[in-house]
Each structure stands twice: as structure tokens, then as C-alpha cells.
Amino acid sequence: MKNEHLGSNFDDFLEEEGLRAEAEAAAIKRVIAFQIEQEMKQANLSKTAMAEKMHTSRTALDRLLDPANVSVTLQTLERAALALGKSLKVELA
Numbered sequence: 001m002k003n004e005h006l007g008s009n010f011d012d013f014l015e016e017e018g019l020r021a022e023a024e025a026a027a028i029k030r031v032i033a034f035q036i037e038q039e040m041k042q043a044n045l046s047k048t049a050m051a052e053k054m055h056t057s058r059t060a061l062d063r064l065l066d067p068a069n070v071s072v073t074l075q076t077l078e079r080a081a082l083a084l085g086k087s088l089k090v091e092l093a
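With the UniProt record's numbering as the guide, the letters of the sequence shown map in order to residues 1 to 93.
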């Protein structure tokens, strides 16, 4: 039996299996969660203090920082950025 994926790249494989969008969303969320956590550490902000600055609950912040939870809104990202003194930049590439 011939391997149909031989010579293809991983992106092609994910695309063919219908998994590329899901995999990319998960990877992006992991990076965003990591960046927010790093900025919080640099600003010496606890989760409670960050949630207060974002005008949200600690539970909502936990969802934002959970790399496995890809359900995040632009509004939540914007509030996190503002709470950290940053701006949110979203672009299509």
C-alpha cells in the first residue's frame, strides 16, 4: 500500500485531514496565553489583580490563560492588552 502523504509537508497533511484550522487556532492560543502570562509576571500582577484591571472575573481570566481553551473574544484580548498597558494588533497574513 502506497503512503499518500509521502513527500507532503505537515500543513498539507493537516489540510487534507480537515485539522489545519483547529491546529492553528490552538497554536495561536498557546502563544497568546504565554505572552499574557509573561507580561503579567513582568508587571508583577497576580491573576486576581489582572482580572480586576480587566473588569472581569478570575474564572474568565483563567479561561483566557488556558492554552487549551481556544474560545476567546477580541474584546477579552483587548481588555487584557489594555490592562497590561499594551495594544492589541490583529492581522491577516
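For every residue, glycine included, the Cβ atom is placed at its ideal position computed from N, Cα and C.
Runs of the alpha helix (DSSP H) spanning 4 or more residues and lying entirely within the UniProt domain "HTH cro/C1-type" (36-92) occur at 47-54, 58-65, 74-83, in chain order. By the neighbour-count criterion, in which 16 or more other beta carbons inside 10 Å mark a residue as buried, Ala-21 falls on the exposed side.
Listed in chain order, the non-local C-beta contacts of Leu-65 below 7 Å within the same chain comprise Ala-33, Ile-36, Glu-37, local neighbours out to five positions each way being set aside. A residue is called buried when at least 16 other Cβ atoms come within 10 angstroms of its Cβ; Leu-19 does not meet this threshold and is exposed. Here Leu-61 is buried: its Cβ has 16 or more other Cβ atoms, across all protein chains shown, within 10 Å.
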